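Residue numbers (the working numbering), protein chains in the order written: chain A, 11 to 473; chain B, 11 to 473; chain C, 11 to 473; chain D, 11 to 473.
Number of protein chains: 4
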Amino acid sequence: MAISMFDRFLTTPEMAAVFDDAAVMQAMFRFEEALASAQAEEGLIPAGAARAIAGACKVQLYDIGAIVDAGRRAGSLAIPLVKELTKTVALYDADAATHVHWGSTSQDVIDTAMVIVTREALALLDDRLRQLSAIMLSLTQQHMDTPVLARTLMQPAQVTSFGFKLAGWLAPLVRSRARLREAAARALQLQLGGAVGTLAVMDQAGPAVVRRTAGSLGLKVADMAWHTQRDEWVRLGLEVAVLTGSLGKIATDLSLMAQGEIGELAEPSGAGRGGSSAMPHKRNPVSAMIALAAFERTPQRAAAILACMGQQHERGLGNWQAELAEWPALFLSADGALAALQEAFAGLTVDAKRMRANIDSLNGLVFAEAASIALASAIGRPAAHALLEQLSGRVVDSGRPLGELLAEHVKNEKKLRDCIDSAALAALFDPIRALASAKRCALEQLSALRTDYPTFLSKNDNP
Amino acid sequence: MAISMFDRFLTTPEMAAVFDDAAVMQAMFRFEEALASAQAEEGLIPAGAARAIAGACKVQLYDIGAIVDAGRRAGSLAIPLVKELTKTVALYDADAATHVHWGSTSQDVIDTAMVIVTREALALLDDRLRQLSAIMLSLTQQHMDTPVLARTLMQPAQVTSFGFKLAGWLAPLVRSRARLREAAARALQLQLGGAVGTLAVMDQAGPAVVRRTAGSLGLKVADMAWHTQRDEWVRLGLEVAVLTGSLGKIATDLSLMAQGEIGELAEPSGAGRGGSSAMPHKRNPVSAMIALAAFERTPQRAAAILACMGQQHERGLGNWQAELAEWPALFLSADGALAALQEAFAGLTVDAKRMRANIDSLNGLVFAEAASIALASAIGRPAAHALLEQLSGRVVDSGRPLGELLAEHVKNEKKLRDCIDSAALAALFDPIRALASAKRCALEQLSALRTDYPTFLSKNDNP
Amino acid sequence: MAISMFDRFLTTPEMAAVFDDAAVMQAMFRFEEALASAQAEEGLIPAGAARAIAGACKVQLYDIGAIVDAGRRAGSLAIPLVKELTKTVALYDADAATHVHWGSTSQDVIDTAMVIVTREALALLDDRLRQLSAIMLSLTQQHMDTPVLARTLMQPAQVTSFGFKLAGWLAPLVRSRARLREAAARALQLQLGGAVGTLAVMDQAGPAVVRRTAGSLGLKVADMAWHTQRDEWVRLGLEVAVLTGSLGKIATDLSLMAQGEIGELAEPSGAGRGGSSAMPHKRNPVSAMIALAAFERTPQRAAAILACMGQQHERGLGNWQAELAEWPALFLSADGALAALQEAFAGLTVDAKRMRANIDSLNGLVFAEAASIALASAIGRPAAHALLEQLSGRVVDSGRPLGELLAEHVKNEKKLRDCIDSAALAALFDPIRALASAKRCALEQLSALRTDYPTFLSKNDNP
Amino acid sequence: MAISMFDRFLTTPEMAAVFDDAAVMQAMFRFEEALASAQAEEGLIPAGAARAIAGACKVQLYDIGAIVDAGRRAGSLAIPLVKELTKTVALYDADAATHVHWGSTSQDVIDTAMVIVTREALALLDDRLRQLSAIMLSLTQQHMDTPVLARTLMQPAQVTSFGFKLAGWLAPLVRSRARLREAAARALQLQLGGAVGTLAVMDQAGPAVVRRTAGSLGLKVADMAWHTQRDEWVRLGLEVAVLTGSLGKIATDLSLMAQGEIGELAEPSGAGRGGSSAMPHKRNPVSAMIALAAFERTPQRAAAILACMGQQHERGLGNWQAELAEWPALFLSADGALAALQEAFAGLTVDAKRMRANIDSLNGLVFAEAASIALASAIGRPAAHALLEQLSGRVVDSGRPLGELLAEHVKNEKKLRDCIDSAALAALFDPIRALASAKRCALEQLSALRTDYPTFLSKNDNP
């Protein structure tokens, strides 16, 4: 396993496998095979040579550790790989060996290998996004009418619908899925330019070989070799970082709502999950933990790949090599976070009673704004505001509910009593009624997502 | 001027003006005016109130410093601004004053103001990108046949066309321009959600007010208030960071080619530009300097805005405020870099003789690969490769040109003499001929850009 | 004011003044004055020239904006400053004008100016650290016996002493104060090396001029000009970043404990502070907000100054200039955070009743580990652990306190009844008793701080 | 190997071994063994239990992969490790098993293990710093009289001594070695606090167990458990980042001086090192490449560990786990860079002839400032400056050396001829003479280092 236990702890086995050394090296061999095959089809090398090369392009034939060690010395991992491949081909067909890697350069094989494994990494992310979005959509629909505190600056503010919060978590997932596909369509390009990106060795045949190689690998043909123009590639990496940012937002809220003292949400429990033998009451939010760790680390990786963009001339010194080493972490973190949240939300405990109790414990203060607005039509805004401010002070001092104090006040003041409908007033303090506008917003969000991303959220998928 | 002299040194006066305090505050007032006007049109507030509010929405009526100081204490810059606005409106129309900022929240006014000024910032970048692209395109077309060393790992590698290098610099500029427009189309959204993003106060009328306010400000209507879901906004910021990355690549190459000992490029000189009184021979690459400084700083700002994405619940504590403060620097740096490079390339000295001399000083070694391939057809690759390796060693020892040594060798070896055309062999050592494939790649790059981005690069604009 | 309103919102007026353009430029003039004076004392220039130069070294004589604008074009802010200074001196004494800035270079004047203002910035931080430490120490001593929940992974874990938490917040402040002084002692060095750092122009007299200039500015003499060897300088900046990290830890805990639903701490309220007109119950943690914003931004600035270390040859291109522009933000953020937390802790509301209620609401589960250990001596660890696990389950299901269930269980089981002292058992569930070890740790922490940092924490300052 | 091939490519096998999973896990077992032994000595657990535990504390007895997989689910790598250890001990001694990990918490074992392996990592860095410093010192002494161009803003500026450049590279290495030891003395602390850092379980015996455990592991006793107060630990990590910054500076200069067109330095060549089969003239600076890659990546890791400092309450959620995963990279990069530069400088080719030729090619312009100063005493500074500016222009136009033009001019102007010693004038254009002040500075630097760091640079070690 080509990552440390602290990294493995924070990602998924599936994503670790995508970027495993053997997988990346196999992708390097796939490039060599596809290149030779394309050159044979274009008549640049004998068909037999291409076949012989293909036969040797199997990672299990090689000593990965030895290649890496020789690569350190050579200054490129591709140099010893090509050397070993050439030797292996030569065992069977000495002439074919002279055609290995022809017209290509180290960066062609390494970058293309990264593109190939990144495509698999993206497929993993896409699938997890699909699953997490589906879970989130279902919860959104379920909890449209569940009142919960909205909180601003980490303080209880007003009442909202838990479905509204869920819709807010869902939307960026759908957007990320769409944007990742767009970025992938641009960035998953073959790298093939030869020594300095000009395809000089293959001369006139170059473009055709490029098209054939790209075709057989299922990659886009780049306008020009992108050895040191990494913008589309970097955009793809940044898109993954944005996804992890949105997951960090979800994990932040989850961790806050799962605090023992708030207790509105809880991650699933189960044998060996998030427990503490010494503290049997603990149900640690381990999914939030993994997503938050990803969220802490990712901005720095994004900065690293941006900082590597200033690659000198036709091949970078240090920055290209650094970018390669930084790249996988973006995906390892994102997948760890996605899988963790998927597990958390699939088995999420939503404690609607606790949500309600947390609202109730504020003694109606969260409805002060609404009450003020309702009274304004009768007594004008300034007077309404002043009244509510005064009553709110009494709530804090007395511990009595605002609704009660207000009802008393209205009853006692003739001017108010005459124009205020006491039932309507009482309704203002009803959490379910209070979430109406939140629900409307959430439904509009879902409807907009269905319109804009019909592939990801079906129109028929109505609540 | 709301930035330090060290920042001003590295940006443009135009971009500094866009993000000047007064400009941002005026944008806040524009939001308040547009909101009141929309509410009047929807019948939520009297038309006269909207007019009174509009009359007070002029930044010059207010003491910016006092608002900022009060904002520190209040925990929001919008709170004292709204207070002062209300007071001012009340001087003329006490009733109108009760309608100020109605149904809105601090974050609505601040975020929307940032969107408004960011739109202007993007217009500046777009225009500079247009100009720099045009200059770069013209240079590309001019230098298709100018041979220059291609360099890999900061070592001379082979011969390429300077037009090829220029096309490589141009393409990311065109892509950035297109991507910035796409990102802007998604991110330049009105922020309007009220206290917790649910438009609760305006109730049923909320969506209509949103549409009208967005319409009058020329902004997109968001699916839902994006108080703590910043993904589209962050993508826009990252797109600016990618641009600065591509500019950093150009500046890196420029600074390397402008080194006194290489001398292939020089920034324009002129009174007070990049000189040194003590060292009259110096012509400092001050444009490259500014672009490199932007390139050093920007990845960290990108990381900062990504790190701010985990905003808690319905309004972030610390992270939203940090994002606001980090945001302008992305644009200040990008515009500084763009303007600097525009100036550099508009007056660029291209020393084609020096480019040629640098090639010549390598004694033909950069053509070894080409020669090896040419001989391969006659004597097989292994023999050809071995021969060139041996002759290259002699070049290094003797200082004689490879072409000469090879011609001698061919003349002396009957087997070679018979099958090698000595004129063709000599042609391999001709830099102009050597750049043919580079030129082909560059032309393809231009053609692809014209196809993909017809708005930015006209088809008729042929070399 | 040379920073944006979003930055001003997050820092203090005092620190903003330290890095104000006029202050930095005045420091540049102080360098020029000190240099001339030193050269006169060494007989390199006439004493009258030094006096004439000193007379012109007053920032109020100059148009800062014009100097900055010319600096952009020149590629250095010092070039126009020296030019203007020279012109001004020449108005009075044409000969003296030829001695301005003699033997020095742009970087000497700018770096030294930054050192001078940074010294003031450090004095500010030191003083605020002194004040915040004193407040924190006093609170620590006050709350040694205040029980509060310890929380791990954002879940209630056990009972600790609030004094223990406070001691944990205090210690890094004391360490930061000491380390900042150490780093300052190394980094506050004169920069004076001339064009390429070799003091070539002043020849033999160079070292003496360096010593005199440093002496009159109160700065350390560097071993060698540090134009492009920034390690000590960077260490100083990083030390500020570590401080902000420790403040971020405090602010994180404060914001969590101040959540309405937890309510253990509250920032001071007061006119215009952290309120919300629409939501009268809100008491926003605006100090935590400012400290958290500083904490979000600072790691990126630290990264930026580290990334700028690779300065080329004898003067950096882009990276030096970027470092200058990034530097002040480290201090602006740290001071903003320090001042905010000082205000918060000076007026902190500590709700010990609420702390106790939060403990009680867990029904004794937080004492499960302690009870298990107590029983282990009687029935062995495995049996004790199993028993507690079972009873804890019943607590969760029944809502009855663990202490009660355990007492019943012991009473009913003869084997336990005989060997367990029921009073001792009950005492395990007493929060005050439970914090004994926490208190011991906190007292040890205070004692260690007094021993290690006697300057900052007096030994007589006992609780 | 617990790192990817792209990471392995950029580090050393030695450092990779230090942070290998098995090594870190063995360190975790060492903690458990030392804890049990300390508890036995304090009479908290039977001596036999400690012996039984010690017998099972061997990483080779365990399935690392299985522990990591279970750790993911548990939310901590220590939970399954302790479980497996307990099981293994129980096979031999059921009672002893109940004493495993007693009074400790996951974070105690993991943090302490990181401290233990970090101590080894620091020993490696220290030794490499020793070696690289020795090589650099020797080169410095060798090249005191080797003239080389000083360059500012990437342009040739004046003449300096190559020994001066070398002394500039050496000094930060010596400082880093000293500072790393200081930081290590503070940060290599035992972590032992139990569940919430209060040593509650071990009660009165806690402090003694801490002292014994620290003693047997050779670690410092912390004032207090530092579970969430990471400042000293972070300082240590940042100190490594500063080292990598200084190495990045060296690598930057090395890569610039090794450019083919400048050719003043070359990394050692040799079988398989930095070559290119296709381009036999290439001698790639692969050591500079590795050091530059380290330099690109490290600032981001420094930012990451700073960003992780805001750990919540008594154990962080996400940030602690992220810090652990980020930590090793600081050391892997630094050691890769150190080893690479050690190899480069041990076999460095210094081409003094080329250095001289690069000076000569500037036709004496780099001596203009010196000539101007020399003439100033005769004709005043303004006239001298104007003359040199005029002559410099003629050098650029005519290609004739400044010294020659100036000599002619002096000969032709009676006023000058009478007061200028033509031999002294000619001497100004002598590179050896021109480096005198640089040499003086370099010698002072060495002397200061010997005084300040006598352990690292012996006084007897004179040139």
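The C-beta atom is built at its ideal place from N, Cα and C for all residues, glycine as well. Given the structure is predicted, the values throughout are model-derived calculations rather than measurements.
Sequence-ordered contacts of the stretch 160-185 of chain A with chain C read Arg161, Thr162, Leu163, Met164, Gln165, Pro166, Ala167 and Gln168 [C-beta pairs closer than 9 Å].
Of all alpha-carbon atoms in D:Ala367, D:Leu190 and D:Ala350, the one lying nearest the alpha-carbon of Leu246 of chain D is that of D:Leu190. The residue from D:Arg460, D:Ala380 and D:Glu423 with its alpha-carbon nearest to that of Ala167 of chain D is D:Ala380. Beta-carbon to beta-carbon, Ala384 of chain A and Leu426 of chain A are separated by about 11 Å, too far to satisfy the 8 Å threshold. Leaving aside the five residues that flank Ala62 of chain A on each side, the residues in its chain whose CB is nearer than 7 Å to its CB run, in chain order, Val99, Tyr102, Asp103 and Ala106. DSSP lists C:Leu159 as the bridge partner or partners of Val169 of chain C. Leu71 of chain D counts as exposed, since fewer than 16 other C-beta atoms from the protein chains shown sit within 10 angstroms of its C-beta. At a cut-off of 9 Å between beta-carbon atoms, Lys259 of chain B makes contact with chain A.
Between Thr150 of chain C and Ala446 of chain C, the C-beta gap is not smaller than 9 Å, which leaves the two residues out of contact. For Lys421 of chain B, the uninterrupted alpha helix (DSSP H) segment begins and ends at Leu412 to Asn422. With a threshold of 9 Å between beta carbons, Ile89 of chain C makes no contact with chain A.
No Cβ of chain B is located within less than 9 Å of the beta carbon of Gly53 of chain C. For a Cβ distance threshold of 8 Å, residue set Glu306 of chain C lies close to Cys318 of chain B, ordered along the chain. Here Gln352 of chain D carries a helix assignment [DSSP, helix/strand/coil].
Within the stretch 424-455 of chain C, the residues whose Cβ lies closer than 9 Å to some Cβ of chain D are Ala444, Leu445, Ala446, Ser447, Ala448, Lys449, Arg450, Cys451, Ala452, Glu454 and Gln455, listed in chain order. Within 10 angstroms of the beta-carbon of Asp428 of chain A lie fewer than 16 other beta-carbons, which makes it exposed. Annotated three-state conformation of Arg240 of chain A is coil, per DSSP. In the three-state reduction of the DSSP assignment, Thr359 of chain B falls in the strand class. DSSP, reduced to helix, strand and coil, places Arg325 of chain C within a strand of the structure shown. Non-local beta-carbon contacts of Ala298 of chain C in its own chain, meaning distances under 6 Å to residues more than five positions away in sequence, involve Ala261, Leu264 and Ser265 in chain order. Sixteen is the threshold: since fewer than 16 other Cβ atoms of the shown chains lie within 10 Å of the Cβ of Gln214 of chain D, the residue is exposed.
Phe16 of chain C and Met38 of chain B have their C-alpha atoms spaced approximately 13 Å apart. Considering only A:Glu242, A:Ala362 and A:Gly203, the residue with the shortest C-alpha distance to Pro217 of chain A is A:Gly203. A distance below 9 Å separates the beta carbons of Met146 of chain C and Phe355 of chain C. A straight-line Cα-Cα distance of about 21 Å links Gly255 of chain C and Leu358 of chain C. Excluding its 5 nearest sequence neighbours in each direction, Ile126 of chain C has C-beta neighbours in its own chain below 7 Å: Ala37, Arg40 and Leu227, listed in chain order. Using a 10 angstroms sphere on the CB of Ala133 of chain D, the tally of other CB atoms stays under 16, which defines it as exposed. Bounds of the alpha helix (DSSP H) holding Met299 of chain D are Val296 to Ala317. In the three-state DSSP reduction, Lys292 of chain D falls in the coil class, being neither helix nor strand. Under a criterion of Cβ atoms nearer than 7 Å, no residue of chain D is adjacent to Met38 of chain A; the nearest Cβ is some 10 Å distant. Assigned with DSSP and collapsed to three states, Leu132 of chain A falls in helix. Taking 4 residues as the shortest admissible run, the stretch 197-230 of chain C contains the following complete alpha helix (DSSP H) segments, listed from N- to C-terminal end: 216-227. Around the beta-carbon of Lys175 of chain B, 16 or more other beta-carbon atoms lie within 10 Å, marking it buried.
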